[in-house]
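Colleague: Have a look at this one before I ask anything.
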Ligand code: NAD
Ligand code: ZN
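Residue numbers (this note's numbering): 54 to 395.
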């Protein structure tokens, strides 16, 4: 099969012919239809310090996908050839305390698809049956292709109650954009999106932001009067990885507020812990998706009218992967989809 491979330690990816993956008795073999490009793929492509210490080439990259089952292992009962599925990209151990208790997202032995094992930027991908999610008939395949980052957004956006609350979204990358629409769908009063990039602020408006803020021009507190906010944000989603954005959010929170932190800073962050204490804030780290409550919520929110399609801004065939990666890297894109021609 053809696959996008990190062939050796260093920048770049190449389209290579590699052996088709072979499913084990508990596995499912999927013919990939469409894939989404994630920031992780950009790190691996550019071979930054994180990639250099994490990735062992050769590796087929990619973890956001939708496809069709072509074969199942002899132990697999619930999945059948022809089913349209996506995969949870975190393969957990199944044996640790948290896995055994059903809290699989807390597994400390998680292996990432396209990071620690061969991934989905390929014509075929194999995953354990416990990582496969069935789509309902009629799902939009492009939306299905991005269930993984959509799940990051859902996991973050639903980690504190948002009904009637004033929500701050710091960073309107693809995940912040989806979280904006989710918070609106889940009944937030205001969703204020802070983002330096003008194109992404426009996308945030399309996704339902009440108000967008350019952090170079306006402070998070300046919109309070206009939005009839008394004290500050009740809930914030940190989706930028920027230390400044996190500090600014802490400053602008109401007492008792909750900050869900998904963004991954690339440097140490100093925080005003006094503000956290005296405002009695809850800071909560978010990694991945809850297996499989997040997946259930994604499905039923789409069925009840949530529309995340405006986040998909670019589409390429897999042979144009260099252009696709360039678009994803540009900072102006929402989600970039690659089609695998099936
Ligand atoms: P992205 O890099 O495309 O988006 C981040 C956005 O933050 C950019 O649009 C950038 O302009 C904006 N930004 C930068 N400085 C800012 C500031 N001071 N205030 C407000 N916005 C600012 O990333 P993404 O793909 O949407 O992912 C969001 C974050 O989540 C990234 O840090 C990513 O590494 C991380 N992530 C975490 C998980 C997890 O499981 N925890 C999973 C996927 C991604
Ligand atoms: Zn485990």
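Ideal Cβ placement from N, Cα and C applies to all residues, glycine included.
Give me the Cα-Cα distance between residue 365 and residue 197, rounded to the nearest whole angstrom.
Modeller: The straight-line gap from Cα to Cα measures roughly 12 Å.
Colleague: CA-CA distance, residue 67 and residue 59?
Modeller: Approximately 7 Å, taken between the alpha carbons.
Colleague: Is DSSP giving residue 24 helix, strand or coil here?
Modeller: Residue 24 is absent from the model: the chain starts at 54 and stops at 395.
Colleague: Using CA coordinates, which residue listed in 95, 78, 233 and 77 is at the minimum distance from residue 377?
Modeller: Selected option, being the one with the closest Cα: 95.
Colleague: Residue ranges of each alpha helix (DSSP H) run of no fewer than 4 residues wholly in the stretch 114–166, ordered along the chain?
Modeller: Segments of the alpha helix (DSSP H) lying fully in the stretch 114–166: 150–153.
Colleague: Does DSSP put residue 108 in a helix, in a strand, or in coil?
Modeller: Three-state result, residue 108: coil.
Colleague: Within this structure, are the beta carbons of residue 221 and residue 239 separated by less than 8 Å?
Modeller: Result no, Cβ atoms of residue 221 and residue 239 do not sit closer than 8 Å.
Colleague: Just to confirm before moving on: does the CB-CB distance between residue 266 and residue 247 stay below 8 Å?
Modeller: Their beta carbons are under 8 Å apart, which means residue 266 touches residue 247 by this criterion.
Colleague: Residue 334 to residue 340, Cα distance in whole Å?
Modeller: One C-alpha to the other measures close to 20 Å.
Colleague: At the level of alpha carbons, what is the spacing between residue 212 and residue 311?
Modeller: So the alpha carbons of these two residues sit roughly 9 Å apart.
Colleague: For residue 205, verify whether its CB is less than 7 Å away from any heavy atom of the ligand NAD.
Modeller: Residue 205 Cβ: within cutoff of the ligand NAD.
Colleague: In angstroms with no decimal places, state the Cα-to-Cα distance between residue 342 and residue 158.
Modeller: Answer to the nearest angstrom: the Cα atoms are 6 Å apart.
Colleague: Within the structure, which residues are defined as neighbours of the ligand FMN by a Cβ-heavy atom distance below 7 Å, reported in chain order?
Modeller: Judged by which ligands are present, the ligand FMN is missing from the structure shown, whose ligands are the ligand NAD and the ligand ZN.
Colleague: Among the residues of its own chain, which have a CB less than 6 Å from the CB of residue 119, if the five just before and after it don't count?
Modeller: Excluding sequence neighbours, residue 119 sits near 86, 87, 139, 194, 197 and 198.
Colleague: Using alpha carbons as the reference points, say which of 321, 325 and 277 lies closest to residue 300.
Modeller: Here the closest residue by C-alpha is 325.
Colleague: May I ask you to check if the CB of residue 90 is nearer than 7 Å to at least one heavy atom of the ligand NAD?
Modeller: No, the ligand NAD has no heavy atom inside 7 Å of this Cβ.
Colleague: To the nearest angstrom, how far is the alpha carbon of residue 294 from that of residue 232?
Modeller: Roughly 15 Å between the two C-alpha positions.
Colleague: Indicate the three-state DSSP secondary structure (helix, strand or coil) for residue 269 in the structure shown.
Modeller: Coil.
Colleague: With H, G and I counted as helix, E and B as strand and the rest as coil, what does DSSP make of residue 208?
Modeller: Of the three classes helix, strand and coil, the one that applies to residue 208 here is helix, per DSSP.
Colleague: Output the boundary residues of the beta strand (DSSP E) element that contains residue 59.
Modeller: Its beta strand (DSSP E) spans residues 55–59.
Colleague: Report yes if the C-beta distance between residue 77 and residue 142 is below 8 Å; otherwise report no.
Modeller: No, the pair does not count as a contact, with Cβ atoms beyond the cut-off.
Colleague: What does residue 306 pair with, by DSSP beta-bridge criteria?
Modeller: DSSP output for residue 306 lists 286 as bridge partner(s).
Colleague: Hey, could you find the ends of the alpha helix (DSSP H) residue 253 is sitting in?
Modeller: 251–259 is the span of the alpha helix (DSSP H), which, as asked, contains residue 253.
Colleague: Got a sec, what are the start and stop residues for the alpha helix (DSSP H) residue 344 sits in?
Modeller: From DSSP, residue 344 is part of no alpha helix (DSSP H); its letter is neither H nor E.
Colleague: With respect to the alpha helix (DSSP H) encompassing residue 92, which residues constitute its N-terminal and C-terminal limits?
Modeller: Element bounds for residue 92: 92–99.
Colleague: According to DSSP, residue 291 sits in a beta bridge with which residue or residues?
Modeller: Looking at the DSSP assignment, residue 291 forms a beta bridge with 223 and 314.
Colleague: Would you kindly work out how many angstroms separate the C-alpha atoms of residue 237 and residue 70, rounded to a whole number?
Modeller: Cα to Cα, the separation comes out at about 44 Å.
Colleague: Can you check which of these residues, 107, 223, 234 and 287, is closest to residue 272 by C-alpha distance?
Modeller: Selected option, being the one with the closest Cα: 223.
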